[in-house]
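Only one structure is covered here, and it is reproduced in the block below.
Protein chains: 2
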Amino acid sequence: MRGQGEIEQWGFYEVALNGPAGGNPFRDTQLSIVFEGAGRTIEVPGFYDGDGVYRVRFSPPETGVWRWNSRSNAPSLSGLTGECIATAPQSGNHGPVVVSDDGFHFVHADGTPFRQIGTTSYSWALQSAEKCRQTLATLAGAPFNKMRMLVFPNVASVATDPFVRTGAGPKDWDATRFDPAYFRRFEDKIRRLGDLGIQADVILYQPYDPVRGYSDMSRSDDEAYVRYVAARFGAFRNVWWSMANEFDLIESKSEEDWDHLFRTLVDADPHDRLRSIHNIRRYYDHRKPWITHASIQNGAAVDDSIRAELHRAFALKPVIFDEVVYEGDIDKRWGNLSAEKMVERFWHGLIGGTYVGHSETYAASGNPDHSWLGQGGTLQGESAPRLAFLKRIMEEGPAPGIDPIQPWWNYHVAGKEGEYYLVYFGDTRPAEWTVALPAREDSAAGSYKADILDTWNMTVTEVDGVIELSRGNEYELHAPSTGAIALPQRPYQAIRLRRIGGNG
Amino acid sequence: MRGQGEIEQWGFYEVALNGPAGGNPFRDTQLSIVFEGAGRTIEVPGFYDGDGVYRVRFSPPETGVWRWNSRSNAPSLSGLTGECIATAPQSGNHGPVVVSDDGFHFVHADGTPFRQIGTTSYSWALQSAEKCRQTLATLAGAPFNKMRMLVFPNVASVATDPFVRTGAGPKDWDATRFDPAYFRRFEDKIRRLGDLGIQADVILYQPYDPVRGYSDMSRSDDEAYVRYVAARFGAFRNVWWSMANEFDLIESKSEEDWDHLFRTLVDADPHDRLRSIHNIRRYYDHRKPWITHASIQNGAAVDDSIRAELHRAFALKPVIFDEVVYEGDIDKRWGNLSAEKMVERFWHGLIGGTYVGHSETYAASGNPDHSWLGQGGTLQGESAPRLAFLKRIMEEGPAPGIDPIQPWWNYHVAGKEGEYYLVYFGDTRPAEWTVALPAREDSAAGSYKADILDTWNMTVTEVDGVIELSRGNEYELHAPSTGAIALPQRPYQAIRLRRIGGNG
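Chains as they are written, first to last, in the UniProt record's numbering: chain D, 1 to 504; chain U, 1 to 504.
Set out below in structure tokens:
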């Protein structure tokens, strides 16, 4: 027996082994460890971490004893054995995020709903240690629970060389030799996000750096890269895979290439982390089996809950609008959304049964490369507190999430029929809302309490009295004893109804 | 040599052969004819038409001599030869409708755009001869160029027995024996639609008749049925295949069954007619390779051109909203759309780069089964003339169709950049429109003439003067010398801009 260790379920277990350092260990040496436990056998690929050290990282999906033995084409790495004892998860460890059973939301492996409030800071993890600390401090006080981040830099960065350099030019690097220090630095940021309970949506490719060309490698180099990051990062339970940002701008790869890289990733990642791909103009086919959820760039789609919902109808999977134009004040239309409109897009997305992502372009220099979007640091905008309010409302709502109710009949209502309803009024300023809720089943009739949510001013105002919902017509429940609920004639209001009793 | 014949290209060539009449000829006898011509070899399956007669129907895709020889497991049908001489198409014969090269519109095989203005009359072809004549007379004076029609009846009909009856009960029929008279009657209606230049969108399955259960056959019976209709109807150049209406309500078939039946249809139809499938709540995966265009039921989707456009983005194929709620006055929400709203949905669909379908539920009896939707007859509604106006506008526009321009930036503008623009105002009543058109390329700048289209009152009013479009900002062309175009403050207006000159 080579090694023994104890780790909580869904924790991070690492086997470090000494092996060959000569030749090109990244390509010459194959290593994996087979873990057996809980009636399952899981083969976990390892990776070379430099200086003759190989690592295999495993996050046990079940408690109990996991016996392991290693396989390698290097005799010194082959036939080693050990065991990993997975103990009950500690408080705050809910396991990785997976798709909920209903197919449209997210939950942690222990069943805890994951209410996605994302943000993007593309190259934050590649900045100086001080800047990274600042970003993490900002995140510690912000509502965001998912961070989109690039492996390869898109703006000025401290860490720029994932591969061993071979000369002074931007393209002088050896795609067959990773620089372990780069990835060690990157995974430290994944780990720190995990400590904050934040999912790391790791973006493997991007179209913004043709000068270096990291996203334009050959197929075999791409395969090696995907396998390397899967082996290095996959055991962190907060990792999500975003195959690419604006994949359809990467001219060196075809749709068939992306399909191939997804198959490679599925094969390389025994932890089966969430997988998506982000577009600019052309939607990828999100029904393909390796896609776990649709990652969408489309600002107009979340100006209307029904546009948002249509993405669920097409993908038949959870939908995250990861890019909906950024809060900011630059002269580009992709970066000058008001905070009000940013928050409104989150709400329309919510009513459509989908999720939305934030970022902002404010920068003292006026250059959005230096903003939160590019490098992280501090937030300047006004949307974050409102997104915290939204998150609270989501957490108070039904699990695993809020579903649109009859959107194809033009209702902008979401919730869970017979239990919970949200009606959102966007930038309109109605004086009242006549209670009318779509309902196929009479069982939704009953007694409800209503609150008026001011989604901008972050207040919850209870409506006096009880709303007695009863069958109004073939299609709707009405509340004859209430009629209409008065509203404050301000934009960004919502009404929440929660059931307190049976048939009234 | 057995037979010789002359037929125009894309015409209907039929070989009738005498063969075995004993046993079950529908199942026992295999027959096909291999046609060779224009450097191609096309194997066309035949079918049994009763009384010992077999037929093979072929629509030659190219002019020239097509030599043929027959293949069969019946010696009397095997090894027969002949030739079909395909002559130049006659005036008015533009060939079958196919998907345009750009992937989002329809054209006839000779390149003539097909501007879809559809309607639905589910069981019109199964009514009395007199009623069918009435329906055809109505269509002769209407703008519709595609008719959705069921093979199996959904409302009271004269023709109800596609299969040989075996008793008095509704389920007493033999799925292995077609009644040729039923199909002969049906194809006569396809032919008559063709004479009017109307596409027959033939719906193979539907969920509305569980009592007879024609849509709930076994897989082998389904295969035989699909092969039979493909062989009988496929040579009519105006045939489209709609695999099912509201497929997701047919509980006896799974998604895998539908996939299988599409594969069967592709294999059985050498004429490669257009193929789609129509939903109620669950969208089929329209990116599957056998789907030529997305057939969608969703009324809310065409209340907004951007919702409509999203269907193109997901399907990456032409989109027809074949069911958007019907014009009518019944107390069901699916059948009480005003004529104004029906026409508006066509226009929003157009601006989204998609196509829409009409029908109406007016019936003297108050029962929509008796309406145009169910049985055909005459039209009572007010939308048809406005749809004729719309069709004229479409025909005056760019070929093959009108594309949305930057919909994901919330523009409700369509056309062809630098050449033609349509702006539609729906039920709003603006007093003017400030000229602002999204444009990435400066080449769209230039001189344009504008018309105000009153889409309800069917008028075209030329705007005085010339609109000089020039770069207004990074994203838009403006017209500083015009500023705004005055509008009549009535709903359902549109503005059309057509280029008359180069850079102004």
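In this text, a Cβ means the ideal position worked out from N, Cα and C, and glycines have one as well. Because the structure is a prediction, the values reported are computed rather than measured.
| query | result |
| --- | --- |
| C-beta neighbour in chain D for residue 311(U), strict 9 Å | yes |
| Extent of the continuous alpha helix (DSSP H) run through residue 278(U) | Looking at the DSSP string, residue 278(U) is not in any alpha helix (DSSP H), and its letter there is neither H nor E. |
| Any chain U beta carbon closer than 9 Å to residue 249(D) | no |
| Pick from 137(D), 117(D) and 436(D) that is closest to residue 124(D), judged by C-alpha positions | 137(D) |
| Residue(s) in a DSSP beta bridge with residue 486(D) | 432(D) |
| Start-to-end residues for the beta strand (DSSP E) that takes in residue 371(D) | No beta strand (DSSP E) contains residue 371(D), which DSSP labels as neither H nor E. |
| At least three beta-carbon pairs within less than 8 Å, the region 16–33 of chain U to the region 52–59 of chain U | yes |
| Below-9 Å beta-carbon distance, residue 314(U) vs any chain D residue | yes |
| Same chain, Cβ closer than 8 Å to residue 413(D), neighbours up to 5 away in sequence not counted | 351, 404, 405, 406, 421, 422, 423, 437 and 438 |
| Span of the alpha helix (DSSP H) around residue 347(D) | 339–351 |
| Nearest residue (CA-CA) to residue 495(D), options 486(D), 502(D) and 252(D) | 486(D) |
| Member of 368(D), 450(D) and 480(D) whose CA lies at the smallest distance from the CA of residue 539(D) | Nothing about residue 539(D) can be reported from this structure: the residues present for chain D run from 1 to 504 only. |
| Sub-9 Å separation of residue 383(U) and residue 358(U) beta-carbons | yes |
| Enclosing alpha helix (DSSP H) for residue 194(D) [first to last residue] | 180–195 |
| Between the CA atoms of residue 295(U) and residue 35(U) - distance to the nearest angstrom | 32 Å |
| Boundaries (first-last residue) of the alpha helix (DSSP H) holding residue 512(D) | There is no way to answer for residue 512(D), as the model of chain D reaches only from 1 to 504. |
| Where residue 266(D) sits in the DSSP three-state scheme | helix |
| Proximity test, Cβ basis, 9 Å: residue 306(U) and chain D | yes |
| Start and end residues, alpha helix (DSSP H) containing residue 291(D) | Element bounds for residue 291(D): n/a, residue is neither H nor E. |
| Separation of residue 92(D) from residue 471(D), as counted between CA atoms | 43 Å |
| Rounded separation between residue 443(U) and residue 325(D) - CA only | 27 Å |
| Per-residue burial, residue 81(U) [other beta carbons within 10 Å of its own, 16 or more giving buried] | exposed |
| Cβ-based burial, residue 323(D) [other Cβ within 10 Å; buried from 16] | buried |
| Complete beta strand (DSSP E) runs within the region 448–484 of chain D (minimum length 3 residues, chain order) | 459–462, 467–471 and 476–478 |
| Burial state of residue 142(D), where buried means 16 or more other Cβ atoms lie within 10 Å | buried |
| Closest Cα partner of residue 155(U) within the set 376(U), 417(U) and 135(U) | 376(U) |
| At least 3 beta-carbon pairs within less than 8 Å: the region 114–133 of chain U vs the region 161–175 of chain U | no |
| For residue 207(D) and residue 277(D), believed in contact at Cβ under 8 Å, the rounded distance | Not quite, the Cβ-Cβ distance comes to about 12 Å (not below 8 Å), so this is no contact. |
| Buried versus exposed, by CB contacts within 10 Å (16 or more), residue 289(U) | exposed |
| Whole-number beta carbon distance between residue 161(U) and residue 182(U), since they are thought to touch under 8 Å | 6 Å |
| CB contact below 9 Å: residue 141(U) versus chain A | The structure shown contains no chain A; its protein chains are D and U. |
| Straight-line gap, residue 109(U) to residue 274(U) (C-alpha atoms, nearest Å) | 12 Å |
| Per-residue contacts from residue 530(D) into chain U (C-beta, under 9 Å) | This structure does not reach residue 530(D), given that chain D is present from 1 up to 504, and the question cannot be answered. |
| Whole-angstrom distance between residue 205(U) and residue 107(D), CA atom to CA atom | 39 Å |
| Reduced DSSP secondary structure (H/G/I, E/B, other) of residue 136(U) | helix |
| Distance between residue 349(D) and residue 381(D) (C-alpha atoms, nearest Å) | 20 Å |
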